[in-house]
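Those letters in the sequence shown? Residues 408 to 660, by the numbering used here.
The beta carbon of each residue, even a glycine, is placed where N, CA and C say it ideally should be.
In what follows, a structure is listed as structure tokens, so that the remarks can point back to it.
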Amino acid sequence: MNWRAIRAIYLFEMARTWRTLMQSIVSPVLSTSLYFIVFGAAIGSRIDQVEGVGYGSFIVPGLIMLSVLTQSVANASFGIYFPKFTGTIYEILSAPVSFLEIAVGYVGAAASKSIILGLIILATAGLFVPLHIAHPVWMFGFLVLTSVAFSLLGFIIGIWADGFEKLQVVPLLIITPLTFLGGSFYSISMLPPVWQTVALFNPVVYLVSGFRWSFYEISDVNVGVSLAATFGFLLACLAVVWWIFKTGYRLKS
């Protein structure tokens with residue numbers, strides 16, 4: 408394993424974050440704070456508690472997941488697409504660096520940004536509502552797994568995209584709607600029986616449910632199922648990334 412190459416890619420991507428601090432960190436935190444204020448004021452005034460937890464506290468895990476999912480995909484997709492756009496991808500491909508090392512560098516940086524962002528949002532939410540984290544280790548574990556899995560997805564999107572417009576297609580038309588419909592702001596037990604069944608086909612439900620369980624020990628699905636679904640998605644993305652480097656799919660376009 409070429410750790411120097413991984414470190415170089417990782418530090419380069421992290422340096423870009425600090426250069427664009429307003430866009431990378433401050434903007435998502437402000438957006439999430441606005442979600443919190445609007446949903447907490449508009450809906451929280453009508454819903455006192457959800458499964459014994461105050462509504463403002465209940466939506467915190469969902470808001471963190473909303474930001475982590477979207478930012479993981481956005482950071483990783485832009486990180487690998489930009490070298491393709493500028494032509495510097497050839498320097499990486501011609502270097503003595505394996506596909507695993509390239510993926511670890513880019514995905515590691517994107518996941519690190521999302522984890523930092525998630526922790527900042529968690530600290531910010533603590534200023535608005537009382538928080539209780541029943542299982543801190545599991546909370547951090549779900550945060551890391553989700554960040555890595557969706558950073559891998561973003562990495563795949565960045566390689567697939569052949570224009571800046573395509574970078575936004577999956578996050579805007581798929582990831583964000585699934586997150587809003589995945590129980591971020593409500594429990595799926597509040598839905599009619601038919602829609603509860605439909606919601607179970609939404610993979611984000613399992614991520615949000617497992618993450619919320621680590622806070623309040625309440626979940627819409629079994630935490631073991633949530634963990635298995637997260638690992639399954641991670642392994643699927645790893646398989647696709649391996650296939651991309653094995654075949655050279657769009658790496659040079």
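Give a yes or no on contact between the region 481-497 and the region 509-523, applying the rule of three or more CB pairs nearer than 8 angstroms.
yes
Classification of Q478 by the beta-carbon crowding that lies within 10 angstroms, buried from 16 upward
buried
If we call anything under 8 angstroms between Cβ atoms a contact, is L585 one with L645?
no
How would you label G561, buried or exposed, when you count the other beta carbons within 10 angstroms and need 16 or more for buried?
buried
Is the beta carbon of S554 less than 8 angstroms from the beta carbon of S591?
no
Quick check on DSSP: helix, strand or coil for G461?
strand
So the alpha helix (DSSP H) M421 belongs to, where does it begin and stop?
W410 to R426
Residue nearest to L614 in terms of C-alpha spacing, selected from E624, I595 and G589
G589
Locate the alpha helix (DSSP H) running through P543, then write down its first and last residues.
P543 to W567
State the beta-bridge partners of Q388 as determined by DSSP.
The requested residue 388 does not occur in the structure, where the chain is confined to residues 408 to 660.
Starting from N482 and walking both ways along the alpha helix (DSSP H), at which residues does that stretch end?
V467 to T493
Would you please state the rounded distance, in angstroms, between the beta carbons of L552 and T493? I believe it to be under 8 angstroms.
Actually they are not in contact, since the Cβ atoms of L552 and T493 sit about 32 angstroms apart, beyond 8 angstroms.
Can you check which of these residues, L473, S474, M472 and F446, is closest to G461 by C-alpha distance?
F446
In whole angstroms, what is the alpha-carbon distance linking F549 and F618?
6 angstroms
Return the chain-ordered list of same chain residues with a C-beta closer than 6 angstroms to the C-beta of F465, the five sequence neighbours on each side being excluded.
V457
Inter-residue CB distance, G463 and F535 (contact presumed, cutoff 8 angstroms)
6 angstroms
Measuring only the C-alpha atoms, how far is L641 from L634?
11 angstroms
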